[in-house]
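Student:
Residue numbers (our numbering), protein chains in the order written: chain A, 1 to 150; chain B, 1001 to 1646.
#1: Is residue 1153(B) near residue 1064(B), with beta carbons less than 8 Å apart?
#2: Which runs of the beta strand (DSSP E) fall wholly inside the segment 1537–1612 of chain B and span at least 3 residues, in chain order?
#3: Residues of chain B with CB under 8 Å from residue 92(A), in chain order?
#4: Could you check whether the Cβ of residue 1487(B) sits closer than 7 Å to any heavy atom belonging to the ligand ADP?
#5: Does DSSP put residue 105(A) in a helix, a strand or coil?
#6: Let's test the definition: count the other Cβ atoms within 10 Å of the Cβ of residue 1596(B) and tell me whether it reaches 16, buried, or not, exposed.
#7: Between the segment 1552–1563 of chain B and the segment 58–78 of chain A, do at least 3 Cβ pairs fall closer than 8 Å?
#8: Hey, residue 1396(B) and residue 1453(B): beta-carbon distance below 8 Å or not?
#9: What does residue 1363(B) touch in chain A if you count any residue whose Cβ is under 7 Å from its own?
#10: Can you confirm whether residue 117(A), when its beta carbon is compared against all beta carbons of chain B, has any partner nearer than 8 Å?
#11: Residue 41(A) by DSSP, collapsed to three states: which one?
#12: Exposed or buried, residue 1570(B), counting other C-beta atoms within 10 Å across all chains shown (16 or more means buried)?
#13: Kindly give me the distance between the Cβ atoms of residue 1106(B) and residue 1184(B), rounded to whole angstroms, as I take these residues to be in contact under 8 Å.
#14: Using 8 Å as the threshold, is the C-beta distance between residue 1521(B) and residue 1428(B) below it?
#15: What residues of chain A sit near residue 1524(B), judged by a beta carbon separation below 7 Å?
#16: Checking the sheet assignment: what are the DSSP bridge partners for residue 99(A)?
#17: Does residue 76(A) have its Cβ less than 8 Å from a Cβ in chain B?
#18: Would you report the Cα separation of residue 102(A) and residue 1613(B), rounded to the nearest angstrom?
#19: Identify whether residue 165(A) lies in helix, strand or coil by the three-state DSSP scheme.
#20: Cutting at 6 Å between CB atoms, please list the residues of its own chain near residue 1007(B), excluding the five before and the five after it.
#21: Cβ atoms of residue 1384(B) and residue 27(A): under 8 Å apart, would you say?
#22: Of all Cβ atoms in chain B, is any one closer than 8 Å to the Cβ of residue 21(A)?
#23: Under the DSSP definition of a beta bridge, which residues are partnered with residue 35(A)?
#24: Specify the secondary structure class of residue 1349(B) as computed by DSSP and reduced to three states.
#25: With the cut-off set at 8 Å, would you say residue 1556(B) and residue 1604(B) are in Cβ contact?
#26: Use the C-beta contact count for residue 78(A): other C-beta atoms within 10 angstroms, 16 or more gives buried, fewer gives exposed.
#27: Which residues bound the beta strand (DSSP E) around residue 117(A)?
#28: Ends of the beta strand (DSSP E) at residue 74(A)?
#29: Distance cutoff 8 Å, beta carbons only. Does residue 1241(B) sit that close to anything in chain A?
#30: Does any residue of chain A bring its CB to less than 8 Å from the CB of residue 1498(B)?
#31: Below 8 Å on the Cβ atoms is my guess for residue 11(A) versus residue 41(A); work out the distance and round it to an integer in Å.
#32: Quick one: what does DSSP say residue 1458(B) is sitting in, helix, strand or coil?
#33: What residues from chain B crowd round residue 52(A), counting only those whose CB sits closer than 7 Å?
#34: I need the straight-line Cα distance from residue 149(A) to residue 1551(B), nearest angstrom please.
#35: Tell me whether residue 1619(B) sits in a helix, a strand or coil according to DSSP, three-state version.
#36: Using a Cβ-Cβ cut-off of less than 7 Å, give me the residues of the segment 1198–1215 of chain B that come near chain A, in sequence order.
The structure is reproduced here in structure tokens:
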């Protein structure tokens, strides 16, 4: 390979690498989401910054208004407690006393505005046999079957 | 008894695989055919033993043998027959077994096809048996499928309900056939390094293997997207989840390899690059398993991790060390002989294609491990989500679509102005006209206009080439149908590639359409109330409930109409599983060429008087599946043995 060609390759390669680095850099700065716990957020919340907040849904804290689609609950890690608001139906695996990860930002009004709620599933889980919620489901199914128009 | 038999078969399998690997290597080194034949018999026995393990585990599932921990965790007495079969590979232990079985199968086919060859084959056999030995070892220590459970429970825990889907038979099987398939080119590349025969023999030997692996990996990714779309109920097909990325990275480097191998065959260039790509692709399949099975990424969410991660990481380290060590050892022989003559040439288009594909693989890798990097370096847990992957990859993919149009028609070595005019004036004009028309009809998204214009440009180059080839054949007096089929079969690799390109363009159309024009809304409706989305009226008619074998189902009935047309009925549901604390969505959808209607039932009043429903009108999504079908047909065409080559 001639020296001239080598130079061309080096320049071409450098341009591509720099462009890629720029793409990645802007990508990261614009979409980085900080993973924090409720106590960390409570200690140092920056309004407007994108966070991914993970914790347990505090039992008794969930208020869901189907008519307005407003969902309110609190997340805790045992030490801190953060109020969260969201618009839309909670995901299927969401529930009181269970883990949830929410994405969004802290508002100056003093609550976490969630744009996304994730309730992670795993292929290995415990069987809640005899769980009170399971009995509640069965009762609900029976009630719906009685009322079914068919 | 059954579990002990399985465990025994595993241990014997490891011994034979290690023996076979050593015998094949010794046979290759000393040139004694008896040793190689012995290694072949060992490979055959390993295949039989792993098959036996698989059947024994399947038997344990079919007979509800809850004394086996894996069976007890993956089934209940109410699991239907079909899902007891797919549950065999529904979780970690079984999926490693499936992987090992496929490796053994590929090895068997390699033995059948290449036995008697002396150059590369014995070493390749040795490498493949060594890799099988590793996977069998994983099954004896960190992921034992046959481990006993005491006390034996009366009933099992049950399969993850999300896996109770017909996609669960095809998706993992296709994906794993893809992953394991890349072991064959890797093994032959290693053989080339060991023997020093780093010329073109290994490339031509493994060309079809690479297409086969790529075909299955593509199929696996597509079925995965389909599963996500119709089971998970969020209306999307791709989320840049680490598990998806793990399969996408080797697909990207494997695609690069398919292209760069052609350059080596035609121009004797890129030897070093091709071997590196094979190592990278194989390494990424192992890395993907490490990523998805070790829980290392999920550890950001503070889950526990077992020892399996360490196993895979150590194996990956060993593979990369040995492979790149061999590369350094053969450095002198690998430095290219061909030269790039001009930037306006097919070589350079292919080279750029490779650079962009590998760059895309790198950005996906970077984004996937970013949480680990930032935690290790800066001590903060930061992740980058879908916006990062979209933002960084969109320019790369658009460049790739452009190159898809340029590459196949531009001249080798150095393109003349005449060559460029003859081949690209028409397609460029078509692309520009398409952009103008899209703008005039009111498409405001620059990204959508750009993507569709580029896709039309690329499609036009393909059409131009097929048209020319057909016309040439018509001149020889053949009929139209014969001319086209003759063209496709005579140059099946070239036209198989074109069909795959067409498939990719259709997928691009679907992705663009669904990203740019889909609409969705969410509403709580009382019985008789309706919500309007994109000209459709969705009226809530009521709720009903049914009991099915594994779950109870609450079904919402919606009458969907448009204008004065007769309404159709859609029934999204929620499924309640006994072993699950939360319900699973049962999506209802109507697919169409221009748009899909997609309903997800949310919360509902216990008396059935009201329900929250998510309504999505997804545009052009069907073209992703149609494109996928076209793509797999193209891959099949490219795999068909061509009559020219030996």
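C-beta atoms are modelled at their ideal positions from N, C-alpha and C, and glycine is treated no differently.
All figures in this text were calculated on a predicted structure; none of them were measured in a lab.
Tutor: So, to answer that:
#1: no
#2: 1551–1562, 1568–1570, 1573–1577, 1584–1586, 1588–1590, 1595–1604
#3: 1233, 1574, 1582, 1583, 1584, 1585
#4: Although the ligand ADP was asked about, the structure shown includes no ligands whatsoever.
#5: strand
#6: buried
#7: no
#8: no
#9: 24
#10: no
#11: helix
#12: buried
#13: 6 Å
#14: no
#15: 66, 67, 69
#16: 56(A)
#17: no
#18: 21 Å
#19: Residue 165(A) is absent from the structure shown; chain A starts at 1 and stops at 150.
#20: 1146
#21: yes
#22: no
#23: 52(A)
#24: helix
#25: yes
#26: exposed
#27: 112–118
#28: 70–76
#29: no
#30: no
#31: Between residue 41(A) and residue 11(A) the Cβ distance is about 47 Å, and since that is not below 8 Å, they are no contact.
#32: helix
#33: 1383
#34: Only weak support is given to the placement of residue 149(A): the predicted model assigns it a pLDDT of 39, under 50, and the question is left unresolved by the model.
#35: strand
#36: none
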